[in-house]
Amino acid sequence: MIVAGWIVMVLVAYVSKWISRLVVINDTNPLEAMLVGIVLGAIARNVGLVPQKWEHYLKKFETPLLWGIMLLGAGFTVKVARELPLSLVVILISMLAGFFFVYFLARRIGLPDKLSALLAVGTTICGGTAIAITSPLIKAKEEETGYSVSTIVIAAFILLVTLPILGNLLGLSQTSFGVWAGTSVHNTPQTIGTGYIFGEEAGQVATVVKLTRNMFMILVALLVSLWFGAKEAGKSKLGKKAILKAFPWVLFGYIGMAVCAVKGFFTPEGISFFKDAGKFLILMGMVGIGFGTDFRAVKKFGFKPLVVGILGAVVVTCVSLIMVKLLHLV
């Protein structure tokens, strides 16, 4: 069934590429296949076209995404590396602003303490992964984890669709948009997809910035864990297993490919092949994310967490955009 799930993702990915090529404006194709892929997957899931027994296998999109991210390292350039120091400033400020805004807003409107913390972590660090790591550390309830993950997935979907449009309306450069997407969008796959929808260079910048942002996941999980441990006068432990699960190991693969590209180990044809293969694997992942986006979760979990998640995303994107402009990241 896993193989069948992969075949479905491949087929929908090819259909997405075909649909994106049908739209031609000024001899260009403005409709990106990644956007088409995630929308097709979400439509199929939410109108009942996906058999229930297939859902588990169609959600196994992590593997093509991880391989795709690593292969995209072949397109790394020195110019992308130059943006990292200033990007760290944007990451830190947007993370702090987003975390405290989401947490205190959630508490203000009456959401439980631990649910508020999970929403804050998911909005500012790495979406579902950060929630999955933090949840057991603060002993959150299963339904609180479900609330948080569902909210973050839907909010990230909204950003993936809207940010490229806003980027064009605001006249952002490839670099500016890449930093903006890398510091604003929740989950790694959606972040990379958002960047590449805007453009090749924006995708590279968004990938590097997001992987850098993910490095803070262990630290934030530990701090939140200690915070709740102190509040409950109990012991909160970040074990080896949690650290290994949280660490973004794909970063090493990306760096390895980037070093090989910068050192000239790949021919131009090889770089082109790796980039095309990586983008197709990411496209497969976008389809998988679409299949996993269940808008019915809003009805099940209520609107309060979603409102907090969307408002939190707005704050993070606004703070990030302001910082990008102030630091003249062009």
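Be aware that the sequence shown starts at 530, since it is given in the numbering used here, and climbs by one per residue.
Backbone N, C-alpha and C define an ideal beta-carbon position, used for all residues, glycine too.
None of the values given here were measured: they were computed from a predicted structure.
Buried versus exposed call for residue i [16 or more other C-beta atoms within 10 Å across all chains shown]
| i | result |
| --- | --- |
| Ser497 | Here the chain has residues from 530 to 859 only, and residue 497 is not among them. |
| Glu673 | buried |
| His857 | exposed |
| Ile681 | buried |
| Gln581 | exposed |
| Arg611 | exposed |
| Thr653 | buried |
| Thr717 | buried |
| Phe494 | Residue 494 is absent from the model: the chain starts at 530 and stops at 859. |
| Leu561 | Before going on, a small fix: residue 561 reads as Glu here, not Leu. Under this definition Glu561 is a buried residue. |
| Phe628 | buried |
| Lys670 | exposed |
| Gly793 | exposed |
| Thr663 | buried |
| Glu730 | buried |
| Leu810 | buried |
| Gly711 | buried |
CB-CB length for residue i against residue j, believed under 8 Å
| i | j | result |
| --- | --- | --- |
| Ser754 | Leu613 | Between Leu613 and Ser754 the Cβ distance is about 28 Å, and since that is not below 8 Å, they are no contact. |
| Ser713 | Thr592 | Actually they are not in contact, since the Cβ atoms of Ser713 and Thr592 sit about 26 Å apart, beyond 8 Å. |
| Ala685 | Gly656 | 6 Å |
| Gly814 | Gly570 | That pair is no contact at about 10 Å. |
| Val749 | Val650 | 6 Å |
| Gly696 | Phe727 | 5 Å |
| Thr822 | Ile694 | Going by Cβ atoms, the distance from Thr822 to Ile694 rounds to 19 Å, so no, they are not a contact pair. |
| Leu850 | Trp709 | 6 Å |
Close Cβ partners of residue i (< 8 Å) along its chain, the five nearest in sequence each way excluded
| i | result |
| --- | --- |
| Phe832 | none |
| Ile660 | Leu647, Val650, Gly651, Thr674, Ser677, Val678 and Ile681 |
| Ile687 | Ile839 and Ala842 |
| Ala626 | Val844, Val845 and Val848 |
Candidates the options: closest to residue i by CA position
| i | options | result |
| --- | --- | --- |
| Gly807 | Met852, Trp596 and Val579 | Trp596 |
| Tyr725 | Gly707, Gly821 and His715 | Gly707 |
| Met538 | Val552, Val576, Leu551 and Met563 | Met563 |
| Gln719 | Glu671, Lys668, Val848 and Thr658 | Thr658 |
| Leu812 | Asn575, Val579, Leu578 and Leu601 | Leu601 |
| Pro641 | Glu798, Trp535, Phe757 and Asn743 | Phe757 |
| Ser645 | Leu594, Val837, Thr723 and Leu855 | Val837 |
| Val816 | Gly696, Phe629 and Gly722 | Gly722 |
| Lys854 | Ser616, Val552 and Ile598 | Ser616 |
| Gly534 | Val618, Ser623, Tyr632 and Val579 | Val579 |
| Gly566 | Ser849, Ala542 and Trp547 | Ala542 |
| Val631 | Pro693, Ile839 and Ile851 | Ile839 |
| Ile620 | Pro834, Val738 and Gly785 | Val738 |
| Leu689 | Ala626, Ala735 and Thr704 | Ala735 |
| Val788 | Ser549, Met599, Val618 and Arg550 | Met599 |
Residues of its chain near residue i, where Cβ-Cβ distance is below 7 Å and the 5 sequence neighbours each way are ignored
| i | result |
| --- | --- |
| Leu800 | The sequence as given places Ile at residue 800; Leu does not occur at that position. Around Ile800: Ala603, Gly604 and Ala790. |
Sequence-distant residues of the same chain with beta carbon closer than 6 Å to residue i, five excluded per side
| i | result |
| --- | --- |
| Leu594 | Pro718 and Gly814 |
| His746 | For clarity, residue 746 is Met in the given sequence; the question names His instead. Within the same chain, Met746 has close Cβ partners Ile654, Cys655, Ala659 and Ala775. |
| Gln703 | Gly728, Glu730 and Ala731 |
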